[in-house]
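J.: Handing you a structure now.
There are 2 protein chains.
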Amino acid sequence: MNQSENIFIPMPGKRAFEEVSSRIKKLVFQGLLKPGDKLPPESDLAKKFNVSRQTIREALRILELSGFIEVQQGYGGGSFIKDTTLSKMGHLFLDTIRLERITIEELTVARLENERAILNHAIDSADETDIAALRENIEQAKKIIKNNLMATDLNFEFHKLLAKATKNNVLVILMELVLVALSQVVARTTPDLETTASAIRYHEKILQAMTEKDRAGALKLLEAHLKEVQGQLSKSPEAFKISA
Amino acid sequence: MNQSENIFIPMPGKRAFEEVSSRIKKLVFQGLLKPGDKLPPESDLAKKFNVSRQTIREALRILELSGFIEVQQGYGGGSFIKDTTLSKMGHLFLDTIRLERITIEELTVARLENERAILNHAIDSADETDIAALRENIEQAKKIIKNNLMATDLNFEFHKLLAKATKNNVLVILMELVLVALSQVVARTTPDLETTASAIRYHEKILQAMTEKDRAGALKLLEAHLKEVQGQLSKSPEAFKISA
DNA sequence: TCACATTTGTCCGTATGTATC
DNA sequence: AGATACATACGGACAAATGTG
């Protein structure tokens with residue numbers, strides 16, 4: 588945040604807080620502000636941009652909701668640069684899903700299609716690091732399930748790792764969105780240890796098929812796995828209701 | 588916005604503007620506020636929620652950025668309920684793409700995979716209305732191109748119509764996101780009439796194959812079409828740079 | 001435990017800008 | 001042109017949170 592930011596020319600048709608927020612955004616895109624960096628206090632920003640604190644605050648709300656900053660109150664607090672845009676997209680995706688009254692079936696179909704593509708690419712592009720991460724994920728999940736605990740988060744993580752193995756960040760993002768929505772559904776189903784354990788077994792077999800480059804086998808396992816998951820999920824058909 | 592909203596209990600750990608925005612959100616989810624409805628003026632909202640106007644304004648910024656309302660200044664203006672969540676997701680998707688330095692190749696691969704799935708489903712689930720809309724889109728595009736004008740928007744629309752024909756709104760949303768990003772790239776390439784004309788010819792052939800339920804043929808045409816499009820797009824490899 | 005400093009959160013009052021009648 | 005009904009923006013104040021000494 589250098590001194591030249593002092594000159595603030597109000598743009599025609601653009602509100603002051605919009606101008607401020609997109610200026611700060613641009614600094615992030617340019618790499619001049621990186622995750623971990625702290626913005627000056629609101630009062631300082633107000634002086635630098637030559638606007639009121641109210642305007643700064645509205646700009647900060649935008650940056651916050653967009654996933655560019657996180658705000659902490661109190662001593663040592665302030666606005667910290669963070670990249671949580673993906674997570675924020677997930678929230679918006681959930682809003683859209685609620686508004687459009689989307690069903691679990693639609694979501695599952697979309698998931699299956701995306702994950703089919705992901706698996707197809709991952710078989711070709713996964714390196715040792717990816718395989719190791721997937722294996723580690725399964726081992727962790729096994730440990731947890733042995734203690735009769737749910738390993739839901741780790742099971743979601745498996746599918747995210749699979750997406751990462753494609754080396755295609757767009758596929759990662761799209762999968763993440765679908766999984767955010769699905770995790771919301773899962774959070775409302777009654778936990779079932781056997782389903783979770785079955786999922787881990789499927790993960791293990793899928794990874795096995797991947798390492799053997801058995802494309803057809805891996806895809807069949809994936810379909811069977813997701814079909815089973817859907818069966819469990821469709822027991823709570825109204826999972827998207829209300830709850831803002 | 589009924590009278591009972593008067594009682595505003597400040598939630599612990601939740602900021603006042605968050606509480607206000609999620610209350611209004613909830614009214615939208617419940618259908619008590621529908622697109623076209625107008626919220627009371629900021630000053631009235633402040634009284635109803637028993638908070639200051641500044642707090643109301645921060646809540647409105649959140650609702651605005653989330654795609655729940657649009658705000659107009661002046662006489663007869665105010666906050667109008669609208670559902671533009673999908674479009675707002677598109678903006679955030681672009682932000683993420685810029686932050687993650689995603690390439691056109693990644694985007695195109697993801698697009699191809701998604702559109703493959705869409706075409707596969709659309710062949711089964713498209714009804715006469717969908718086919719008619721697709722045909723109409725092609726006719727419109729043909730007319731425009733005859734006058735030596737670009738039909739880029741209509742060509743994007745074709746693919747959105749294809750997604751709608753699947754009757755799966757999640758596939759529609761994911762496709763929309765990818766297309767928003769791609770349209771940003773296209774906007775920075777030098778327009779080329781021949782490429783556009785070729786796209787329309789492909790659309791026509793794809794629709795033909797669809798009506799004949801020629802799944803394999805339709806998929807092959809789609810791949811050839813998108814490969815050609817990618818070739819054109821990759822001429823401007825830095826299309827995502829800067830520009831907040 | 002207790003003051004103290006820093007920074008966000010919230011409030012009030014007021015003035016200006018903008019679109020419509 | 002003038003009145004009206006809004007959003008937009010400003011300035012000053014105090015409350016609340018969160019750390020330090």
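Residue numbers (this note's numbering), protein chains in the order written: chain A, 588 to 831; chain Z, 588 to 831.
C-beta: ideal position from N, C-alpha, C; glycine also.
If the cut is a Cβ gap below 8 Å, which residues of chain Z does A/LEU620 touch?
T.: For the purposes of this step, residue 620 of chain A is identified with residue 33 of the first sequence, where counting begins at 1. Residues of chain Z passing the Cβ test: none, with the nearest at roughly 12 Å.
J.: Identify whether Z/SER639 lies in helix, strand or coil by the three-state DSSP scheme.
T.: For the purposes of this step, residue 639 of chain Z is taken as the residue at position 52 of the second sequence. Coil.
J.: Considering Z/ARG668, what are the terminal residues of the beta strand (DSSP E) in which it resides?
T.: Taking the second sequence and counting its residues from 1, one reaches residue 668 of chain Z at position 81. The question names Arg, but residue 668 of chain Z is Ile in the sequence shown. Residues 665-668.
J.: May I ask you to verify whether the region 655-670 of chain A touches the region 637-645 of chain A, counting CB pairs closer than 8 Å and requiring at least 3?
T.: no
J.: I believe Z/PHE604 touches Z/ILE649 by the beta-carbon criterion, under 8 Å. Please report the beta-carbon distance rounded to the nearest angstrom.
T.: Within the second sequence, residue 604 of chain Z is the residue found at index 17, counting from 1. Within the second sequence, residue 649 of chain Z is the residue found at index 62, counting from 1. About 7 Å; that satisfies the 8 Å criterion.
J.: Would a check of beta-carbon distances place Z/ALA713 closer than 8 Å to chain A?
T.: Translated into the one-based positions of the second sequence, residue 713 of chain Z becomes position 126. Z/ALA713 has a beta carbon lying at 8 Å or more from every beta carbon in chain A.
J.: Would you call the region 624-633 of chain Z and the region 670-681 of chain Z in contact, with 3 or more CB pairs under 8 Å?
T.: Note that the region 624-633 of chain Z does not touch the region 670-681 of chain Z; fewer than 3 beta-carbon pairs, one per stretch, sit closer than 8 Å.
J.: Quick check on the burial criterion: 16 or more other C-beta atoms within 10 angstroms. Buried or exposed for Z/ALA750?
T.: One-based indexing of the second sequence puts residue 750 of chain Z at position 163. With 16 or more Cβ atoms within 10 Å of its Cβ, Z/ALA750 is classed as buried.
J.: Report buried or exposed for A/THR753, applying the criterion of at least 16 other Cβ atoms within 10 angstroms of its Cβ.
T.: Here residue 753 of chain A refers to the residue found at position 166 of the first sequence. Burial call: buried.
J.: Check the Cβ of Z/GLN641 against every Cβ in chain A and list those closer than 8 Å, keeping chain order.
T.: Locating residue 641 of chain Z in the second sequence gives position 54, counting from the first residue. Within chain A, the residues near Z/GLN641 are GLN641 and ARG644.
J.: Taking the alpha-carbon positions, what's the A/GLU693 to A/GLN641 distance?
T.: Residue numbering aside, residue 693 of chain A sits at position 106 when the first sequence is read from its first letter. Residue numbering aside, residue 641 of chain A sits at position 54 when the first sequence is read from its first letter. Annotation: A/GLU693 to A/GLN641 spans about 43 Å, alpha carbon to alpha carbon.
J.: Helix, strand or coil: which one does DSSP assign to Z/ILE732?
T.: Taking the first residue of the second sequence as 1, we reach residue 732 of chain Z at position 145. Three-state result, Z/ILE732: helix.
J.: What residues match up with A/GLN659 in a beta bridge as DSSP calls it?
T.: Position 72 of the first sequence, counted from the first residue, corresponds to residue 659 of chain A. Beta-bridge pairing links A/GLN659 to A/GLY665.
J.: Less than 8 Å between C-beta atoms, sequence neighbours within five positions excluded: which residues of the same chain meet that for A/VAL658?
T.: Working through the first sequence from its first residue, we reach residue 658 of chain A at position 71. Answer for A/VAL658: LEU647, GLU651, GLY664, GLY665, SER666 and PHE667, listed in chain order.
J.: In three-state DSSP terms, what is Z/LYS612?
T.: Within the second sequence, numbered from 1, the residue matching residue 612 of chain Z stands at position 25. Correct three-state label for Z/LYS612: helix.
J.: Determine whether the Cβ of A/VAL772 lies closer than 8 Å to any Cβ atom of chain Z.
T.: Stepping through the first sequence from its first residue, residue 772 of chain A is reached at position 185. So no, A/VAL772 is outside the interface.
J.: Between Z/PRO622 and A/ASP682, what straight-line distance do the alpha-carbon atoms span, to the nearest angstrom?
T.: Sequence index remark: in the second sequence, residue 622 of chain Z carries index 35 (1-based). Sequence index remark: in the first sequence, residue 682 of chain A carries index 95 (1-based). Cα-Cα distance, rounded: 15 Å.
J.: Please state whether DSSP places A/LYS625 in a helix, a strand or coil.
T.: Translated into positions along the first sequence, residue 625 of chain A becomes position 38. Strand, per DSSP.
J.: To the nearest angstrom, how far is it from the Cα of A/HIS678 to the Cα of Z/LYS733?
T.: Taking the first residue of the first sequence as 1, we reach residue 678 of chain A at position 91. Taking the first residue of the second sequence as 1, we reach residue 733 of chain Z at position 146. The straight-line gap from Cα to Cα measures roughly 44 Å.
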